[in-house]
Ligand code: AGP
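Numbering (my numbering), first residue to last: 542 to 1153.
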């Protein structure tokens, strides 16, 4: 998730673009850049690091001109370096653009353009678009060349393009990544969200997918990709800056819960395609996985939520890739003196890539000759740099301390890894592989549907807001869901002591606490052990416990046994922890909200635990 801005008007563009970028830094901040068209040429300035590094460079060497674009980056393809920072240009430097999203077919387009003589400077998918426009502009006017290039793209994009030959104009387009227009007095702007333009105007035109814009200081000409004119009334944004950054949600956590369908889509896109049904990883990771010792065993490391994701991965990899797996808390692993060797593969799961215990764990593993694969959300982070290969989750920046979209993207990445290894190790039949892959491709829509339960979950939370204890129970793939659900609740609503258990553990002690009204959250979605979970539910009900049940749509048995029922769409069991995470996140959120807790920055917690 990056931030892009554009300005065209009567004022100097550079300070306005920088100000707009500063309001988008929460969307990405590993590098930044601006490009200004002064009518005689396009000047570009880019820097690695936070926006202030670029601002300092521009203070020393300002760029002059009344038309400009800017970008603050969250790296997805290509490390955070100056070469990979946006804006990117074509061979001539006369076409310069910024981009947010993932161009799924950039590799094949890049090969075609290199064969046509184009010279690339970066490793990004974005640069391909600049050269593609340049190629079409050899035979078409720029407006049409831009449109033709867009038609070749597969994947998600929000784009702003400058052409030296079209001063006073910015071309824009969106598909799957947000882009809006600000209409000011004698000036017009582009922004990834309203925060970027609110300093200049509150009159906003929201763009839909596959729409194309020509922006001038007089206003915006919006058309469909096929060139049909689009007329749309502007709206007035009344948010303050803080709520605009949250997309109008009251908390980053709720915004990030709702971002999950798109975040999971970004995790899948560019890797698993529907037609043809194919799974590809980046060359380095694919090579790493294909050269694994056939006798290897996986040791999965993580902390907190990442550890819970690892527990789900254990079920997946053992069941479908027929791989021996153990999962370890990184804080224990590093002091346990584990037996590792060159046949061991350590899989480190981490959102931040900076968690001290996990970093120490992989360093120890490498010292003992083990290979390290990371699942990480932050390019250029310590763990991402020190691992032998990395699968990025592409969740975008996760601002709330309580992890939500990073978790579901971690489990989605584990599902992709499982499919890759299941095929390489012939762990399952092609028909079974196809079924699991198709379920994964459906996941974003499944999550969208699950989010529709929000209001119902909010009303349930209101009934339980005064409780001070909570059990979470699940089995198999949803035993980790129970742990994760309990962590979410106690993390953001520290008034409540919540504990997650394997449901089969009840008789081994936990059931002793069950008495009238004791609240228990069951994750009882379709599974080979569903009947076992149901009997645990009956044990709690027999002791007058109060049961909230997350069950699969159409489950009549659960309806009869639950005090409150939350239904989720049916999925393969191996994807059910991703789907079940949403109601558990929403329940924790509304319990904390009802209790007036500090949701985005809970007391005593840090987003990234970089110390022991
Ligand atoms: C989860 O909501 C917490 N923020 C915490 O448990 C987190 O998952 C843990 O600290 C690991 O962080 P990492 O994924 O950045 O390594």
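A virtual CB, placed ideally from N, CA and C, is assigned to each residue, including glycine.
Any non-hydrogen atom of ligand 1 closer than 7 Å to residue 1172 Cβ: A query on residue 1172 cannot be resolved here, the shown segment of the chain reaching from 542 to 1153 and no further.
Residues of its chain near residue 1038, where Cβ-Cβ distance is below 8 Å and the 5 sequence neighbours each way are ignored: 1009, 1010, 1011 and 1031
Span of the alpha helix (DSSP H), counted from its first residue to its last, around residue 1031: 1020 to 1033
Where the beta strand (DSSP E) through residue 1089 begins and ends: 1087 to 1093
Collapsed DSSP secondary structure at residue 1136 in the structure displayed: coil
Beta-carbon contacts of residue 1100 that lie in its chain and below 6 Å, excluding the five residues immediately before and after: 1106
Residue 1066 (DSSP reduced to helix, strand or coil): coil
Cβ-Cβ separation, residue 547 to residue 607 (assumed contact under 8 Å), whole Å: Contact between residue 607 and residue 547 is ruled out by a C-beta separation of about 12 Å, above the 8 Å threshold.
Residue 1060 in three-state terms, based on DSSP: Strand at residue 1060.
Bridge partners - residue 855, DSSP secondary structure assignment: Residue 855 pairs with nothing; no bridge assigned.
Where residue 1106 sits in the DSSP three-state scheme: strand
Limits of the unbroken beta strand (DSSP E) element including residue 576: 572 to 578
Contact check, residue 629 vs residue 663, beta carbons under 8 Å: Result yes, Cβ atoms of residue 629 and residue 663 sit closer than 8 Å.
Boundaries (first-last residue) of the alpha helix (DSSP H) holding residue 874: 871 to 877
Contact under 8 Å by Cβ, residue 934 with residue 809: no
Under the three-state DSSP convention, the category residue 764 falls into: Strand at residue 764.
Candidates 581, 559 and 728: closest to residue 593 by CA position: 559
Check whether residue 491 and residue 1127 have beta carbons under 8 Å apart: Absent from the model: residue 491. The displayed extent of the chain is 542 to 1153, so no value can be given.
Residue 1028: CB within 7 Å of a non-hydrogen atom of ligand 1: Yes, the Cβ of residue 1028 comes within 7 Å of a heavy atom of ligand 1.
Touching by the beta-carbon criterion (3+ pairs, under 8 Å), the segment 637 to 652 and the segment 697 to 709: yes
Helix, strand or coil at residue 1046 [DSSP, three-state]: helix
Proximity winner among 732, 1014, 959 and 813, relative to residue 786 (alpha-carbon distances): 732
Neighbour-count burial assignment, residue 1042, 16 or more Cβ in a 10 Å radius: buried
Residue 1096, buried or exposed, once every other Cβ within 10 Å from all chains shown has been counted against 16: The residue in question, residue 1096, is buried, as its Cβ has 16 or more Cβ neighbours within 10 Å.
Proximity below 8 Å, CB of residue 913 to CB of residue 1142: no
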